[in-house]
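>
Protein chains: 2
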Amino acid sequence: MSSINPESQSMARDHKVNGHGSNKLAKYVGFIEVVLRFILFLTTIAPVLLLATSKQTVFFRLPFPPYGMSASAKFTSIPALVYEISALSVTCLYSIITGLLSIYAYMKGANRSAKLMFNIFVMDLLLVGIVSAAAGAGGEAAYIGLRGNKAAKWPKICTIYDTFCLHVGFSCLTSSFAATALIFLIILYVFTLSPENHNY
Amino acid sequence: MSSINPESQSMARDHKVNGHGSNKLAKYVGFIEVVLRFILFLTTIAPVLLLATSKQTVFFRLPFPPYGMSASAKFTSIPALVYEISALSVTCLYSIITGLLSIYAYMKGANRSAKLMFNIFVMDLLLVGIVSAAAGAGGEAAYIGLRGNKAAKWPKICTIYDTFCLHVGFSCLTSSFAATALIFLIILYVFTLSPENHNY
């Protein structure tokens, strides 16, 4: 990904031809991208940590020997949460890599190659779907835990494992923020592709 | 959304300047968009119909009066499936509207205004998230129904309501196809914005 290749040259030419003060815009866009990637990092590391620390052990007293027993809830016992933590770990790693790339581009003031930008865009787009599905699946598991389901005879578990449910619930909330950050990153990319078409 | 406005004029000028046989490309892109919107329609109407017809009533024999009872499973008893059918109905309606717009543009061979295209792109993008979340939530409900969860003491229900579970499972599968169609539509839009940057 050298900065001097036909694609970026053609982009630079286009920018010059359009003559809209694109350099200033590119600077702003670069800064907004860095901020959004940092938000993406925060909103993906948060649910990973929340889920990883969600284990809760509850003690019950019994009126007969051994007079007590313990039961624990952890995310590995619900497959949807395993999927959620995997998806968000991958997205977190991805946000670090692309964040460093965008910081580098912002500091140097250089355009990244159009092909790299396009590949990052496609990855962003796929991750919107993956992260949203993870938030949906985890949210549904948390909802069943919170409310139960009378028709299917699924009992509530959040009355017993309250901290566990709070962790799972907030992890779903923050992962939906991560999906939102990805959506804004994609809109930003489209914005940079055709700044002359949008007068918002 | 008249076809003669500054934006589309500037787009047309750009196409002329680039001189890449853009008219032919625009024709292909228009056709692919019509096909993708039709696939989106099919993959959103299918889960709506599958969920709407998922009601299953099961009869049990009892050894005492009244010697039998019935229980039924329907999608309204699981909130995730209500969310799924709502999200996919909206997407289905949206696919009809935008599908007709794209057919009109393809038949007339005219460019739609850049602002309209951008708004359709943003809606597509939001719907990727919404449809994926619906597929995730519905899929998790179906998974708990199929496998149950020993740690949370959620029993399987698919051993009793087999047809219901098949309907729910296939509705989640088809709605993930709908999300894929939306992703391809967004990539197509980005492709039309900068055909000179991508040599794939």
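Chains A and B, in that order, are what the protein sequence lines are.
Residue numbering for the first sequence follows full-length UniProt numbering, beginning at 1 and increasing consecutively.
Residue numbering for the second sequence follows full-length UniProt numbering, beginning at 1 and increasing consecutively.
C-beta atoms are modelled at their ideal positions from N, C-alpha and C, and glycine is treated no differently.
1) Let's see if you can read the secondary structure: which residues bound the beta strand (DSSP E) around R147/A?
2) Which residues does DSSP pair with R61/A in a beta bridge?
3) Would you mind stating whether S176/B and A133/B have Cβ atoms separated by less than 8 Å?
4) Taking C-beta pairs closer than 9 Å, name the residues in chain B that V58/A reaches, listed in chain order.
5) In three-state DSSP terms, what is A73/B?
6) Of all the residues that make up the region 75 to 106 of chain B, which are near chain A by a beta-carbon distance shorter than 8 Å?
7) Taking the Cβ atom as the reference point for each residue, do A46/B and T192/B lie within a distance shorter than 8 Å?
8) Verify whether the separation of the beta carbon atoms of V58/B and Y161/B is less than 8 Å.
9) Out of W154/B, K156/B, E140/B, G30/B, state which residue places its alpha-carbon closest to the alpha-carbon of K108/B.
10) May I have the straight-line CA-CA distance separating T53/A from S171/A, to the nearest angstrom?
11) Once you ignore the five residues that flank G139/B on each side, which residues in its own chain have a CB closer than 6 Å to its CB?
12) Please check the pair T98/B and L127/B, which I expect to be a contact at CB under 8 Å, by giving their CB distance rounded to whole angstroms.
13) Can W154/B be considered in contact with the ligand MG, in the sense that its beta carbon sits closer than 7 Å to one or more heavy atoms?
14) Looking at chain B, which residues of the region 33 to 55 of chain A have a Cβ within less than 9 Å of any of its Cβ atoms?
15) Answer with buried or exposed for A71/B, where buried requires no fewer than 16 other C-beta atoms within 10 angstroms of its C-beta.
16) Using a Cβ-Cβ distance cut-off of 8 Å, determine whether L166/B contacts chain A.
17) Would V29/B pass as an interface residue toward chain A - the criterion being a Cβ-Cβ separation below 8 Å?
18) Starting from P155/B, find everything on chain A with Cβ-Cβ shorter than 7 Å and list it in chain order.
19) So, residue 205/B versus L81/B, is the Cβ gap smaller than 8 Å?
20) When we look at the beta-carbon of M69/A and count the other beta-carbons within 10 Å, is it buried (16 or more) or exposed?
21) Is the CB of A134/B under 8 Å away from at least one CB in chain A?
22) Is the beta carbon of L42/A closer than 8 Å to that of D124/A?
23) When the cut-off is 8 Å and only beta carbons count, does I120/A lie next to chain B?
24) Taking only three categories from DSSP, how would you classify I4/B?
25) Determine whether the beta carbon atoms of A73/A and F164/A lie at a separation below 8 Å.
26) Residues in its own chain within less than 7 Å of T159/B by CB, not counting five upstream and five downstream?
27) Taking its Cβ as the centre, do 16 or more other Cβ atoms sit within 10 Å of T76/B, making it buried, or is it exposed?
28) Starting from residue 202/A, trace the alpha helix (DSSP H) both ways and give me its first and last residue.
29) To the nearest angstrom, how far is the alpha carbon of G145/B from that of I120/B?
30) Measuring straight from C-alpha to C-alpha, what distance separates P63/B and K150/B?
31) From L93/B to L101/B, what distance separates their C-alpha atoms?
32) Let me know if Y28/A comes out buried or exposed under the rule of 16 or more other beta-carbons within 10 Å of its beta-carbon.
33) Is the shortest distance between the beta-carbon of S194/A and the beta-carbons of chain B less than 8 Å?
34) Check the Cβ of G145/B against every Cβ in chain A and list those closer than 8 Å, keeping chain order.
35) Give me the Cα-Cα distance between G21/B and P79/B, rounded to the nearest whole angstrom.
Based on what the coordinates show:
1) Element bounds for R147/A: not the beta strand (DSSP E) but the alpha helix (DSSP H), 114 to 147.
2) G68/A
3) Result no, Cβ atoms of S176/B and A133/B do not sit closer than 8 Å.
4) Residues of chain B passing the Cβ test: none, with the nearest at roughly 12 Å.
5) The answer is strand: DSSP assigns A73/B an E or B state.
6) S77, I78, P79, A80
7) no
8) yes
9) Nearest to K108/B by C-alpha distance, out of W154/B, K156/B, E140/B, G30/B, is G30/B.
10) 11 Å
11) C172
12) About 10 Å separates the two Cβ atoms, so there is no contact after all.
13) No copy of the ligand MG appears in this structure; indeed no ligand is present at all.
14) none
15) exposed
16) Output row for L166/B: interface = no.
17) no
18) K153
19) Residue 205/B cannot be examined here, being either before or after the span of chain B that is shown, 1 to 200.
20) exposed
21) yes
22) Not in contact: D124/A and L42/A (Cβ atoms no closer than 8 Å).
23) no
24) The predicted model places I4/B with a pLDDT of 42, which falls under 50 and marks its position as unreliable; any figure quoted below should be read in that light. I4/B falls in the coil class under three-state DSSP.
25) yes
26) none
27) exposed
28) Since the first residue of chain A shown is 1 and the last is 200, residue 202/A is not available in this structure.
29) 37 Å
30) In this model, P63/B and K150/B are separated by some 30 Å (Cα to Cα).
31) 13 Å
32) Burial state of Y28/A is exposed, judged by a 10 Å Cβ sphere holding fewer than 16 other Cβ atoms.
33) yes
34) A152
35) Confidence in G21/B is poor, its pLDDT being 46 and thus under 50, which makes the residue's placement unreliable; the coordinate value appears in the next sentence. Straight-line Cα distance between these residues: approximately 51 Å.
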